[in-house]
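For the sequence shown, the numbering used here gives the first residue as 1, with consecutive numbering after it.
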Amino acid sequence: MKLTFLGTRGEIEPRTRRYRMHSSLLISYKGKKVMLDCGQSWTAKLKKIKPDHIILTHAHPDHAWGLKKGAPCPVWATKETWKIIQDYPLSERRLIKPRSRQKIAGLTFEAFPVWHSVRCPAVGYRITCKSLKFFYISDVAYIPELEEAFHQIQFYIGDGATLFRPMIRKNKKTGEIFGHATICQQLTWCHKQKVPQMIITHCGADIVTHEKQRLQQIEKFAREREVEALVAYDGMEIVI
1 MKLTFLGTRG EIEPRTRRYR MHSSLLISYK GKKVMLDCGQ SWTAKLKKIK PDHIILTHAH
61 PDHAWGLKKG APCPVWATKE TWKIIQDYPL SERRLIKPRS RQKIAGLTFE AFPVWHSVRC
121 PAVGYRITCK SLKFFYISDV AYIPELEEAF HQIQFYIGDG ATLFRPMIRK NKKTGEIFGH
181 ATICQQLTWC HKQKVPQMII THCGADIVTH EKQRLQQIEK FAREREVEAL VAYDGMEIVI
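Take a look at the structure:
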């Protein structure tokens with residue numbers, strides 16, 4: 001299996017050569033390619049990538065607007081996301097049901113609802129391939145079923161929008177929080193759930209504009225929590 005971080009930039013104005021494209025992960029396995037998220041910067045680039053499947057976490061512009069002109073393959077999303085992007089010219093629509101395991105291109109995907117947005121409800125994915133297990137969510141404030149989502153995973157691919165300044169707001173009626181958890185908070189999740197590694201994507205201005213300094217700080221926070229941290233960049237590949 002090969003993981004290619006096609007893009008690692010969040011919905012921010014600053015960009016560099018290493019952090020230019022909206023966050024998207026390509027999983028290549030046994031001749032098939034599954035693309036997780038397809039933001040606005042991927043418009044008209046799908047013919048080059050040639051994914052066999054596209055799976056969405058939610059309908060924000062930096063995660064779904066690359067599909068406004070269609071897709072060359074089946075697209076998978078929750079009913080909440082399909083409701084938002086119902087006008088997109090997508091002929092092969094597939095439904096993802098939360099907490100229901102779905103086999104796609106030889107991999108098993110299980111969607112977990114996460115707190116991130118009121119208008120665009122999001123899910124993260126627990127992805128399994130034989131003995132390999134990992135969790136992917138690039139935008140997250142909190143994972144209500146964290147213990148189940150992280151159970152015996154080898155690594156977590158998470159939200160790099162902010163290092164230590166919370167970007168959170170609270171729904172006064174429900175008590176739910178929305179926005180982005182800090183990298184420090186997510187490293188703590190990993191420590192508590194005994195997840196040995198966090199790979200950071202969806203990088204915010206903290207990382208994009210002060211990369212060297214922030215990487216040193218992230219390494220320090222990770223060591224304190226006994227977690228290995230790796231900050232992804234556009235085009236980074238991991239062979240498993």
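Cβ atoms here follow ideal geometry from the backbone N, Cα and C, with glycine treated the same way.
Pairwise C-alpha distance: residue j and residue i
| i | j | result |
| --- | --- | --- |
| I54 | I84 | 16 angstroms |
| D234 | C129 | 24 angstroms |
| S91 | V227 | 42 angstroms |
| G106 | K30 | 8 angstroms |
| L25 | T43 | 15 angstroms |
| F221 | K69 | 42 angstroms |
| R93 | V231 | 33 angstroms |
| K243 | P14 | Because the chain spans 1 through 240 in this model, residue 243 falls outside it and cannot be assessed. |
| A71 | P89 | 8 angstroms |
| T182 | W82 | 28 angstroms |
Residue i in three-state terms, based on DSSP
| i | result |
| --- | --- |
| K2 | strand |
| P14 | coil |
| G124 | strand |
| L95 | strand |
| R9 | strand |
| F221 | helix |
| I240 | coil |
7 angstroms CB neighbourhood of residue i in its chain, flanking five on each side removed
| i | result |
| --- | --- |
| G204 | G10, I12, G160, A161 and T162 |
| S117 | H58, H60 and F178 |
Cut-off 8 angstroms between Cβ atoms - residues of its own chain near residue i, not counting five sequence neighbours on either side
| i | result |
| --- | --- |
| I240 | M1, K2, L3 and L132 |
| P98 | T78, A111, F112, P113 and V123 |
Residues near residue i by beta carbon distance below 6 angstroms, same chain, minus five either side
| i | result |
| --- | --- |
| R101 | T108 and E110 |
| V114 | A122, G124, I137, V140 and I143 |
| Y156 | F135, C190, V195 and M198 |
| S41 | M21 and H22 |
| P51 | K33, M35 and C73 |
Per DSSP, cross-strand counterpart(s) of residue i
| i | result |
| --- | --- |
| H63 | The partner list for H63 (beta bridge, DSSP) is empty, contrary to what the question assumes. |
| L293 | This structure gives no information on residue 293, because the portion of the chain shown stretches from 1 to 240. |
| P113 | V123 |
| S24 | G7 |
Distance cut-off 7 angstroms: residue i Cβ against heavy atoms of the ligand ATP
| i | result |
| --- | --- |
| K83 | This structure does not include the ligand ATP; it has no bound ligands of any sort. |
Check: Just checking, does the segment 169-176 make contact with the segment 208-225 on the three C-beta pairs under 8 angstroms criterion?
Finding: The segment 169-176, when compared against the segment 208-225, does not touch it at the 8 angstroms Cβ threshold.
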